[in-house]
Amino acid sequence: MKQRSLALFLCALVALSACGITYAQWNDVVEIHGELEFGTLTLRYVPPLDCWDSDDATKNTGVCLCEYTDPDLAAGGFRNLTMSVSNAYPGYEAYCEFTIENVGSLPDHIRGIEVTPGAGLVLGETYVDVGGNPIGWRLDDSGTGEPRLTIHVTADAGSLVCRTVDPGAQVSGLLTVLMEDGVEMCHTYGFEVVIVYD
Amino acid sequence: MVRMNRVSGLLLVLLVAVSLSGLTYAHWYDTVRIEGTAKMAHIRMSIISYKALTPKKVQEYATVNASLSEDGHLLTLSCSNLKPCWYIWVGLVLQNQGTLPANVKPPAYEFEGPDGFHDYFEVADYCYGPYPESQGFGNLELWGKVTVGEGGSLLPDGTNTFTTLPQPGPFPTDPGEKAVIWIWIHCKATVPPDAQGLSGLLYIQIVDDMAI
């Protein structure tokens, strides 16, 4: 009786050991590492950039300069376009042809252009293309309300707004600044144009 | 009390949700900018030198004082004891001191005095140039050695003997360039007797005119 009990105990012990070994053999940790990467929305200014004015072919009196500033070292391209006009006069027009590229990985949709007049100016009339999207802004004297500058931002003669720029694609835009008849001598006018996209 | 806690909790959750959606939206919205400045030119034609010449015969009975405004735009002649056939030749050296090409053309004239004063005068003007900025006028035929009166280079009848021909109309000057204008102002012989011997002011005003 005593021997039978011992044998049974031994059997149970062996069985348990075998189970343990089997379990140990079949039990392991498998790790799955995953990275979830989001796409990026990035419109940037890229070359080519060109500027000229209305009197280049005649007296070449006014001077127009354009440059890209604030480089995006991570994505490439530039965040800012600076246009400087000097020795301008009534009727003078300055042009700047710029290029924007989608350097991100998702399509960019240009959803608006915001124009902020500089000191002494207020936003006057806004001009739109056939689709009703804005292409031009007149800036008036904040005191008298007389027109001072008219700015146009266009692409292919239409608005930049409501355009979708696919990754890697470029859009050529044109910035035009017209000095109205009422511009004052020796005066400096400023403005800021913000192109908003999502 | 429990209900209050529940409402507060709900508000908190809502607040967090709104903040998160704002953060997410901001993450997916970006801009590029254009900054523009436009500096305007200025147009400025100024008188940098002048002469007011009368013959000895006129000097015997009349006086003329000339003064130039600070901005070089207005020459004022104060004339006394005006009589028929009184005349003066006024020479101006102009310089384009602006940043734009500007036209040289006859000035604007105004006469200040008794009623009808301006009707007693007639004017003729001659414009010469343009001359480069470095041009000196001391030896120039139509500036350095001019004489007024019979036998001189500036004649009583409003003509002159310069070999240099005047420009037929307004002509452009680039910034820095100079020009000469000679003006003959003459008191007509038809001045009524009661107007003779009067004094008055004559204004010669430069007119800025962009040449673009």
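Residue numbers (this note's numbering), protein chains in the order written: chain W, 1 to 198; chain Y, 1 to 212.
For every residue, glycine included, the Cβ atom is placed at its ideal position computed from N, Cα and C.
Worksheet item: W:Ile100 touches chain Y at which residues, Cβ-Cβ below 7 angstroms?
Response: Under the 7 angstroms cutoff, chain Y gives Val32.
Fill in: From Y:Ile183, Y:Gly9, Y:Tyr120, residue whose alpha carbon lies closest to that of Y:Trp143
Of the candidates Y:Ile183, Y:Gly9, Y:Tyr120, the residue whose Cα lies closest to the Cα of Y:Trp143 is Y:Ile183.
Discussion item. List, in chain order, every chain Y residue whose beta-carbon is nearer than 7 angstroms to that of W:Val177.
Written reply: Ordered by position in chain Y, the residues that pass the 7 angstroms Cβ test against W:Val177 are Gly36, Ala38.
Discussion item. Using a 10 Å radius around the Cβ and a threshold of 16 neighbouring Cβ atoms, would you call W:Asp55 buried or exposed?
Written reply: Within a 10 Å sphere around the beta-carbon of W:Asp55 sit 16 or more other beta-carbons, which makes this residue buried.
Practice prompt. Would you kindly check if the distance between the Cβ of W:Leu174 and the Cβ of W:Thr154 is under 7 angstroms?
Written response: Against a cut-off of 7 angstroms, the Cβ pair of W:Leu174 and W:Thr154 comes out as a contact.
Item to complete: Mind listing the chain W neighbours of Y:Thr99? Cutoff is C-beta to C-beta under 7 angstroms, in chain order.
Response: Within chain W, the residues whose beta carbon sits less than 7 angstroms from that of Y:Thr99 are Asn87, listed in sequence order.
Worksheet item: What residues are listed by DSSP as bridge partners for Y:Trp182?
Response: Answer is Y:Gly91, Y:Tyr126, bridged to Y:Trp182.
Worksheet item: If you count every other CB in all the chains shown that lies within 10 Å of the CB of Y:Glu60, and 16 or more means buried, which is it?
Response: Exposed, since its Cβ has fewer than 16 Cβ neighbours within 10 Å.
Worksheet item: So which residues on chain W does Y:Met210 lean against when the C-beta distance must stay under 7 angstroms?
Response: Near Y:Met210 (Cβ distances below 7 angstroms), the residues of chain W are Tyr89.
Worksheet item: By DSSP, does Y:Leu11 sit in helix, in strand, or in coil?
Response: Y:Leu11: helix per DSSP, three-state reduction.
Practice prompt. Compare the C-alpha of W:Thr164 against each of W:Tyr127, W:Trp52, W:Val196 and name the closest.
Written response: In this structure, W:Val196 is the residue among W:Tyr127, W:Trp52, W:Val196 with its C-alpha nearest to the C-alpha of W:Thr164.
Fill in: Cutoff 7 angstroms: W:Asp140 Cβ touching any chain Y Cβ
By this cut-off, W:Asp140 is not an interface position.
Worksheet item: What separation, rounded to the nearest whole angstrom, lies between the Cα atoms of Y:Asn81 and Y:Val64?
Response: Cα to Cα, Y:Asn81 sits roughly 10 angstroms from Y:Val64.
Worksheet item: chain Y beta carbons: is any one of them nearer than 7 angstroms to that of W:Asn80?
Response: Under the 7 angstroms criterion on CB atoms, W:Asn80 is classed as interfacial with respect to chain Y.
Fill in: Run of the alpha helix (DSSP H) containing Y:Lys57, from where it starts to where it stops
For Y:Lys57, the enclosing alpha helix (DSSP H) has its first and last residue at 56 to 59.
Worksheet item: How is the beta strand (DSSP E) around W:Trp137 delimited, first residue to last?
Response: W:Trp137 -> beta strand (DSSP E) spans 134 to 141.
Worksheet item: At a Cβ threshold of 7 angstroms, is W:Val130 touching chain Y?
Response: For W:Val130, the closest Cβ of chain Y is not nearer than 7 angstroms.
Discussion item. Since W:Glu101 and W:Val46 should fall inside the 8 angstroms C-beta cutoff, what is the C-beta to C-beta distance between them, to a whole number of angstroms?
Written reply: At roughly 4 angstroms, the Cβ-Cβ gap stays under 8 angstroms, so W:Glu101 and W:Val46 are in contact.
Worksheet item: Using the beta-carbon count (16 or more within 10 Å), is W:Lys59 buried or exposed?
Response: By the neighbour-count rule (16 or more Cβ atoms within 10 Å), W:Lys59 is not buried but exposed.
Discussion item. Taking a contact to mean a Cβ-Cβ separation below 7 angstroms, would you say W:Val177 touches W:Arg148 in this structure?
Written reply: Not a contact, by the Cβ cut-off of 7 angstroms.
Discussion item. So with CB distances below 7 angstroms, who are the chain Y contacts of W:Gly190?
Written reply: Under the 7 angstroms cutoff, chain Y gives Gly36, Thr37.
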